[in-house]
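Position in the sequence shown counted from 1, then plus 26, gives you my numbering. Okay, so here's the structure we're looking at.
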Amino acid sequence: MRIHRFIAAGTALAAFTCAAAAPKQDLHRALTAALKAEDPAAIRVAVAAAVRSLGDRAGEPEVADRYTPAPAGAHWLTPAEAQPGFAPHFAHLEKLVWWRVGLDPTQLTQALRAPVSVLAGGVAAARAHLDGADRSLALAKDAAEFLLWAQAQGGGDVFPFPAARGASSDRAMQVGAAFLAHAERTGQLSRVVKNGWVIDDLGDGGLQFDNAECGVALFEYYEFTADPRALAAARRAADWAARQPLVPNWNYNSFSVWLLAKAHAVTPDPAYLAAAKKKALLGVIPGQLTAGPHAGRWADPHNARPAYHYIMLRALAQLAAVLPPTDPERAAILRALERGLVARNAEFSALGVMNKDNAMETLLFVHQAFAAAPGFLTTTRSTAALDVLARAVSADARRQKPSLSPRAWGQFLAYAKTRGPQP
């Protein structure tokens, strides 16, 4: 089992600006200014210019997709197989634990998303009463305690990023080191670092990634344990997210949409819902293509990658799930979610699996949130896509080659356990 997702953090500069037909800096400045002003018309104009400059490359990912069909004859894990499915990984996970209260964050080689994955996976396994539930919860508790400490070290607001500059193969850490070098060159290092943690991204938007991962995981932990400290910490993270400016990297904005929508689901505080809607409508949905061969994908090459595609759909699905049926913005958000699901889900059946972790999390949530709307699951090809993906990861597990992070694995096992016999 992978200890965490190896998702490149990316750069805050949207890949719209790589287009050759218009000056890069002009495109970036126009979009940045429009987002900063939260001006819907200006955002539409800036996005349209960027899409035109991309031409036929709109919706094409910066790295070519690689598809792997599910093995012939592969089938879902049965409930009997899912029940003990988390327990074999305890020893491995416990050996890999580095998150200890009091450590030196400048020496870390991984970000907070690593303990987050174990926390969320442990909660999912314990909630589903999988074998070893007590041990799963113990792993989750250790990770939660570390996250609470890290947040306090950073000032008690945002979940911070390690201010580490050592050698690391983790792409997120490499991006973080480059950010620190920039902050030092521009004389802003003391502003962005506290107690060895990065607490200010200088408007880059990158801190929204781990802040949301931590906040959502602690909301889930609170829902299962009723620990008031987890609720308070997650709410502080959501409050921070609500204050963040929109940035040209659509997936960064989507992380805060995800956290804010989850915050509303748990609290429920209407301020969180209002903030989530605004960020989705201005900072996520405008980047999505609505026509052409890649309709439903995000236009820029960075966010056209399947990992980020499903990250953004996860946020829109979480938001759609908490919107009242009479909300005037619900139709627009559902349309964007539906377009995005259709765009990539169809590829699972036609071409194979191009992403596992993010697609699994998103498709499982969509099935839970829209369980009473089977027509939606069918028309968006969500059921077919989940079937292909589930058969692929089930085959991996039977070969003793698990291919999901702890979070996605725990969630998948919980779902597979309750799925029951299929015709």
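C-beta atoms are modelled at their ideal positions from N, C-alpha and C, and glycine is treated no differently.
Item                                                                                                    : Value
Own chain, CB closer than 6 Å to residue 433, minus 5 neighbours either side, in chain order            : 143, 146 and 147
Whole-angstrom distance between residue 57 and residue 48, CA atom to CA atom                           : In this predicted model, residue 48 has a pLDDT of only 44, less than 50, meaning its place in the structure is not dependable; the value taken from the coordinates is given anyway. Each residue's alpha carbon lies about 13 Å from the other.
Assumed close pair residue 162, residue 235 - CB separation to whole angstroms, cut-off 8 Å             : Not confirmed; about 25 Å, so no contact.
Under 8 Å between C-beta atoms of residue 420 and residue 115                                           : no
Alpha-carbon to alpha-carbon, residue 109 and residue 9                                                 : Nothing about residue 9 can be read from this structure; the chain reaches only from 27 to 449.
N- and C-terminal bounds of the alpha helix (DSSP H) containing residue 391                             : 383-395
For residue 366, the first and last residue of its enclosing alpha helix (DSSP H)                       : 356-376
Own chain, CB closer than 8 Å to residue 320, minus 5 neighbours either side, in chain order            : 84, 85, 86, 330 and 369
Residue range of the unbroken alpha helix (DSSP H) whose run includes residue 235                       : 233-251
C-alpha distance - residue 436 paired with residue 443, whole-angstrom precision                        : 11 Å
Beta-carbon proximity list for residue 347, same chain, < 6 Å, skipping 5 on both sides                 : 395
Nearest residue (CA-CA) to residue 372, options 360, 209, 345 and 415                                   : 415
DSSP state of residue 219 mapped onto helix, strand, coil                                               : strand
Alpha-carbon spacing of residue 423 relative to residue 429, whole angstroms                            : 7 Å
Boundaries (first-last residue) of the alpha helix (DSSP H) holding residue 180                         : Careful: residue 180 lies outside any alpha helix (DSSP H) and carries neither H nor E.
Helix, strand or coil at residue 409 [DSSP, three-state]                                                : helix
Inter-residue spacing [alpha-carbon to alpha-carbon] between residue 452 and residue 69                 : Nothing about residue 452 can be read from this structure; the chain reaches only from 27 to 449.
Secondary structure of residue 184, DSSP reduced to three states                                        : coil
Buried/exposed call for residue 441, threshold 16 Cβ in 10 Å                                            : buried
Continuous alpha helix (DSSP H) stretch holding residue 101: start and end                              : It is not in any alpha helix (DSSP H) - residue 101 carries neither H nor E in the DSSP assignment.
Residue interval of the alpha helix (DSSP H) (run including residue 276)                                : 276-292
Cβ shell of residue 454 (< 6 Å), same chain only, five flanking positions each side left out            : The question about residue 454 has no answer, for the chain in this structure spans 27 to 449.
Secondary structure of residue 426, DSSP reduced to three states                                        : coil
Exposed unless 16 or more other CB atoms sit within 10 angstroms - verdict on residue 355               : exposed
Residues sharing a beta bridge with residue 94, DSSP                                                    : 379
The stretch 286-296 touching the stretch 239-250, judged by at least three CB pairs closer than 8 Å     : yes
Spatial distance of residue 199 from residue 75 (CA atoms)                                              : 33 Å
With 16 other Cβ atoms within 10 Å as the buried cut-off, status of residue 231                         : buried
Separation of residue 141 from residue 407, as counted between CA atoms                                 : 32 Å
Beta-carbon gap between residue 366 and residue 338 smaller than 8 Å                                    : yes
Same chain only: Cβ atoms within 8 Å of residue 382, ignoring 5 sequence neighbours per side            : 415, 418, 419, 429, 430 and 434
Secondary structure of residue 224, DSSP reduced to three states                                        : strand
Among 106, 50 and 91, nearest to residue 377 - alpha-carbon criterion                                   : 91
Residue environment, residue 93, which counts as buried when at least 16 other CB atoms sit within 10 Å : exposed
Where residue 324 sits in the DSSP three-state scheme                                                   : strand
Reference residue 52, options 64, 240, 215 and 73, closest by Cα                                        : 73
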